[in-house]
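Read the structure below first, then the notes.
Residue numbers (our numbering), protein chains in the order written: chain R, 7 to 340; chain Z, 154 to 512.
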């Protein structure tokens, strides 16, 4: 029986108690009040949600992330130009042109380019908008991969112990022994440059974090009374692991995964900046920055906006992750 | 304590061996063989055979691994095929720059991060606290290479006619040279000896070298060139250190012994300094050690942005250019330093908190 079932039972016994007679309407109103009170039982998640809503920074982070997701989905609507379309012959613009915003006094007869024109005569604003698609997808898939593989290894290592635990965790130690960006560079060098390989590399170097946290959680939960009870009832190891242990171990991983998206986006941008991630002409913030970095003194807007976009995205996920941590673990921060 | 140290050191050894082995196989997994990448696409089979013979590349893989392990233990890191020079020599030239960069950045992040964290904690829930933490949040989200480029733009171009102007690239201005201390002091060093190499290595730390020899013009030039890269590199660790210091101090300040200290009439400053800060220091020390890895990784990006010929940049060039010896040698050195620093952090943690070594 779940918590909400319990509350519903309780609620029914209350409604039965309502006496008939003249006061029935009044009591019905009262019952409605009770229903409202009990219809939303205070489960742990609901409490966490309330705590999350109370923290301003977490909500700002959520706002940024939601806004970015909307930008990514609506990119074709928001972007005035095709991100890889070269505007030579289409418009009277030249490369490295500064931003032209009509509202800020740029002559009306000039085409409007909010973030200027890049070195290949493309609209920078459209490229920055489309860049959100690349970064968000990459962040999401990297973390999903690292989470599933890492947490899987950690869960099995913690649950079974023995030689698997020893070997798996030593391998994780070795991965952690490298500065993460350097290992990611080496892995991409092996796999070949490209966005998908950068994703794989970052997933590999971030995996140990999930494995360690999951293992620690599993080790703690394994010893708890409800697991012993389940075992006494004759549940199989598999049932205990998937139905009892893992669901109860997920909370810190949610936080870690949210913060992990931020790390993944930052590291992927770094790899792209070094020419190992997204390849031209793809509209990816890190590689846009890399392409125009020598123009920083002549056309700073081409470096400024993609970097700002990376920073805002990473900031959004960081704030949201911090908010989630405070909400899910009230003992951590008062 | 001694048994704890022994245990920790013994635990670090398999990790080090693991790193060495992983590097060995990673390098050999990089597509393209070193012969064609160095002698060119049109290298003849005979030339390649000679090349492989000379570099021990036609031995069975486990023999290669064995030789490689032996060489690392004897600190013979081989010869870079691209530069035709020993990897040791390249390390002597390039490691000091990265060391200086990482240490300056670390120093900066501790000297700014810790006080910021303390101020934020002491003024908990005020505008100062919120502001500092907002800045710290922006700081951790900063792409190092973007910040570097923007700093270069600001200090080298916008502020070029003010006293605040700072150089955007290189280690020293054109025409400025760092004279090694052993030349200044007229030491006789026999060429090629280990002692001479050590001195050359030490003197390549320009800031250090020109400080101890009182060559102030060169010293300031080196410092000025270091400021922008170090600030860019320090931003993320600084923000993390500030956040950890704050939350750790906040937690400690709610403990019973703090109330006791206040109750016995100690001044707030003394409570914070000798009861709060000391106990809040443990997580801060750990995080400082962990940041070193981020600094070494970030050095690749920073050195790229500021055109610095350090280890990070050399490693990147070597990986993309399949220069086996450099990648092997440098990665092993960098990763070993990283493992050793983390070992030291663990040990200092045990020293600061006696409970740990008893576990």
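No residue lacks a Cβ here, since even glycine has one placed at the ideal position from N, Cα and C.
None of these values were measured; they are calculated from a predicted model.
Give me the Cβ distance between residue i and residue j, rounded to the nearest whole Å; I'm assuming they're in contact under 8 Å.
i	j	result
residue 451/Z	residue 386/Z	5 Å
residue 161/R	residue 220/R	5 Å
residue 196/R	residue 179/Z	6 Å
residue 298/R	residue 305/R	7 Å
residue 67/R	residue 58/R	Residue 67/R to residue 58/R, Cβ: 10 Å. No contact.
residue 484/Z	residue 505/Z	About 31 Å separates the two Cβ atoms, so there is no contact after all.
residue 333/R	residue 54/R	5 Å
residue 232/Z	residue 226/Z	Not a contact, Cβ separation roughly 18 Å.
residue 145/R	residue 172/Z	The pair is not a contact, with the Cβ atoms about 28 Å apart (cut-off 8 Å).
residue 416/Z	residue 428/Z	The Cβ separation is near 12 Å, so there is no contact.
residue 292/Z	residue 391/Z	6 Å
residue 448/Z	residue 264/Z	With 8 Å as the limit, residue 448/Z and residue 264/Z do not qualify as a contact, their Cβ atoms being about 15 Å apart.
residue 272/R	residue 194/R	Rounded, the Cβ-Cβ distance is 16 Å, inconsistent with contact.
residue 308/R	residue 102/R	7 Å
Taking the alpha helix (DSSP H) that residue i falls in, what are its first and last residues?
i	result
residue 378/Z	369–406
residue 307/R	307–334
residue 246/R	Residue 246/R -> no alpha helix (DSSP H), and no H or E assigned at all.
residue 172/R	168–183
residue 57/R	50–60
residue 499/Z	477–505
residue 350/Z	347–356
residue 201/Z	198–207
residue 456/Z	431–458
residue 306/Z	Neither: residue 306/Z is in no alpha helix (DSSP H) and is coded neither H nor E.
residue 90/R	Unbroken run through residue 90/R: none, as it is neither H nor E.
residue 221/R	201–228
residue 314/Z	First-last for residue 314/Z: undefined, no H or E at that position.
residue 363/Z	359–365
residue 285/R	Careful: residue 285/R lies outside any alpha helix (DSSP H) and carries neither H nor E.
residue 329/Z	Careful: residue 329/Z lies outside any alpha helix (DSSP H) and carries neither H nor E.
residue 282/Z	280–293
residue 211/Z	Careful: residue 211/Z lies outside any alpha helix (DSSP H) and carries neither H nor E.
residue 110/R	Looking at the DSSP string, residue 110/R is not in any alpha helix (DSSP H), and its letter there is neither H nor E.
residue 415/Z	409–416
residue 342/Z	First-last for residue 342/Z: undefined, no H or E at that position.
residue 275/Z	240–275
Check the Cβ of residue i against every Cβ in chain Z and list those closer than 9 Å, keeping chain order.
i	result
residue 4/R	What is shown of chain R runs 7 to 340, which leaves residue 4/R out entirely.
residue 268/R	293, 294
residue 303/R	305, 306, 309, 310, 321
residue 295/R	296, 298, 299, 302
Using a C-beta to C-beta distance shorter than 8 Å, which residues of chain R count as neighbours of residue i?
i	result
residue 484/Z	184, 188, 192
residue 491/Z	183, 184, 185
residue 290/Z	63, 321, 324, 325, 328
residue 248/Z	Those within 8 Å of residue 248/Z in chain R number zero; the least Cβ separation is about 14 Å.
Which residue from the options puts its Cα closest to that of residue i?
i	options	result
residue 74/R	137/R, 129/R, 231/R, 51/R	137/R
residue 248/Z	505/Z, 463/Z, 234/Z	463/Z
residue 457/Z	334/R, 311/R, 322/R, 281/R	281/R
residue 164/R	228/R, 311/R, 213/R	228/R
residue 312/Z	332/R, 303/R, 191/R, 323/R	303/R
residue 297/Z	317/R, 326/R, 325/R	317/R
residue 272/Z	436/Z, 402/Z, 165/Z	402/Z
residue 299/Z	275/R, 129/R, 205/R	275/R
residue 336/Z	314/Z, 365/Z, 184/Z, 327/Z	365/Z
residue 312/R	99/R, 129/R, 246/R	129/R
residue 164/Z	115/R, 151/R, 61/R, 175/R	175/R
residue 169/Z	210/R, 102/R, 179/R, 315/R	179/R
When every heavy atom of the ligand COA is checked, does at least one fall within less than 7 Å of the C-beta of residue i?
i	result
residue 249/R	This structure does not include the ligand COA; it has no bound ligands of any sort.
Quick one: list the residues of chain R neighbouring residue i, beta-carbon separation under 9 Å, in chain order.
i	result
residue 172/Z	180, 183, 184
residue 454/Z	187, 276, 279, 280
residue 270/Z	Simply none; closest approach about 14 Å.
For residue i, go through chain R and note every residue whose CB falls closer than 7 Å to its CB, in chain order.
i	result
residue 183/Z	195, 196
residue 167/Z	176
residue 488/Z	183, 184
residue 384/Z	Ordered by position in chain R, no residue passes the 7 Å Cβ test against residue 384/Z, which lies about 16 Å from the chain.
Listing by chain order, which chain Z residues have their CB less than 7 Å from the CB of residue i?
i	result
residue 299/R	302
Using the beta-carbon of each residue, which ones in chain Z are nearer than 8 Å to residue i?
i	result
residue 272/R	294, 296
Listed from N- to C-terminal order along the chain, which residues in the segment 166–198 of chain R have their beta-carbon within a distance smaller than 9 Å of any beta-carbon of chain Z? 176, 177, 179, 180, 181, 182, 183, 184, 185, 186, 187, 188, 189, 190, 191, 192, 193, 194, 195, 196, 197, 198
Going along the segment 223–237 of chain Z in order, which residues come within less than 8 Å of chain R, judged by CB to CB distance? none
Tell me which residues of the segment 322–338 of chain R have at least one Cβ-Cβ distance to chain Z shorter than 7 Å, keeping chain order. 324, 325
Going along the chain, which residues of the segment 458–475 of chain Z sit with their C-beta nearer than 9 Å to a C-beta in chain A? Of the protein chains in this structure, namely R and Z, none is chain A.
Members of the segment 305–324 of chain R near chain Z, C-beta cut-off 9 Å: 306, 309, 310, 312, 313, 314, 316, 317, 318, 319, 320, 321, 322, 323, 324
Below 7 Å between beta carbons is the criterion; list the residues of the segment 275–286 of chain Z that meet it against any residue of chain R, in chain order. none
In the segment 439–452 of chain Z, which residues sit with their C-beta less than 9 Å from some C-beta in chain R, listed in chain order? 445, 446, 447, 448, 449, 450, 451, 452
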